[in-house]
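Below is one structure; the comments refer to it alone.
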Amino acid sequence: MSRVEINRFKFLKVLAECNKHIKRLDYAFNKLYKNFDHPLSPENIIEVLDDDALVESLDQITYRFSKLQDSMGKVFKLFLISNGENIENMTMIDIINLLEKIEINIDSNEWFELREIRNIIAHEYEDESEKIAGVINKINEKRSYFKEILKTLDRKA
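Sequential numbering from 1 applies to the sequence shown in our numbering.
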């Protein structure tokens, strides 16, 4: 197997991983929205936190979102490498800017806002229902954004 084929294989593997995280995010949101309208309110979050079955959905959302962010960072790098780009000394902002330049529908400000959400999730506390509702609603809003980026990467690979 050539170096190009190995990089393409790695890219496709991580792309499939990203799509798995999206699928599981969709499932968890669908389960949650069988019980609540969206956007979720702080009161909804309080109810969710009192129901173990719904807490599982909330946990799945936060876990899958974090994993998706990590996997997308990998898939961005592998996409560029498999397209002949040398990214060895590039920062994530440089990688995002390069993706923008080659017309991958990604916005650096939005990407880093989503990274900040990921950091907030890592430090969430159950007594902050307003903050949790805001984060979950933002993740829900951005699911289609992630899907579009992944479709574009797949199409251009």
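In this text, a Cβ means the ideal position worked out from N, Cα and C, and glycines have one as well.
Reduced DSSP category for residue i - H, G, I as helix; E, B as strand; rest coil
i	result
Asp50	coil
Ala157	coil
Ser2	coil
Ser108	helix
Leu40	coil
Met92	helix
Tyr145	helix
Ile61	helix
Asn86	coil
Glu103	coil
Asn128	Just to set this straight, residue 128 is Glu in the shown sequence, not Asn. Glu128: coil per DSSP, three-state reduction.
Ile123	With the sequence shown as reference, residue 123 is identified as His, and Ile is not the correct amino acid for it. Of the three classes helix, strand and coil, the one that applies to His123 here is coil, per DSSP.
Asn35	coil
Span separating the alpha-carbon of residue i from that of residue j
i	j	result
Ala53	Gly73	31 Å
Ser66	Glu116	11 Å
Tyr125	Tyr63	15 Å
Asp94	Lys138	25 Å
Lys13	Ala122	26 Å
Leu40	Ile136	8 Å
Val55	Trp111	27 Å
Asn97	Lys10	22 Å
Phe79	Asp154	9 Å
Ala133	Phe36	12 Å
Ser108	Leu114	10 Å
Val4	Ser82	6 Å
Ile22	Asp70	13 Å
Contacting residues, own chain, Cβ-Cβ under 7 Å from residue i (five flanking each side not counted)
i	result
Asn140	Phe29 and His38
Phe76	Ile95 and Leu99
Beta-carbon proximity list for residue i, same chain, < 8 Å, skipping 5 on both sides
i	result
Asp26	Arg143
Ser129	Pro42, Glu43, Ile45, Ile46 and Leu49
Beta-carbon proximity list for residue i, same chain, < 6 Å, skipping 5 on both sides
i	result
Lys176	With the chain covering only 1 through 157, there is no way to say anything about residue 176.
Taking one C-beta from the stretch 23-33 and one from the stretch 47-65 each time, how about it: are there three or more such pairs within less than 8 Å?
-> A contact exists between the stretch 23-33 and the stretch 47-65.
Quick check: the stretch 11-28 against the stretch 139-150, are there 3 or more CB pairs under 8 Å?
-> Contact between the stretch 11-28 and the stretch 139-150 is present, with at least three C-beta pairs closer than 8 Å.
So does the stretch 93-103 actually touch the stretch 138-146, counting three or more Cβ pairs closer than 8 Å?
-> Flag = no, the stretch 93-103 and the stretch 138-146 do not touch.
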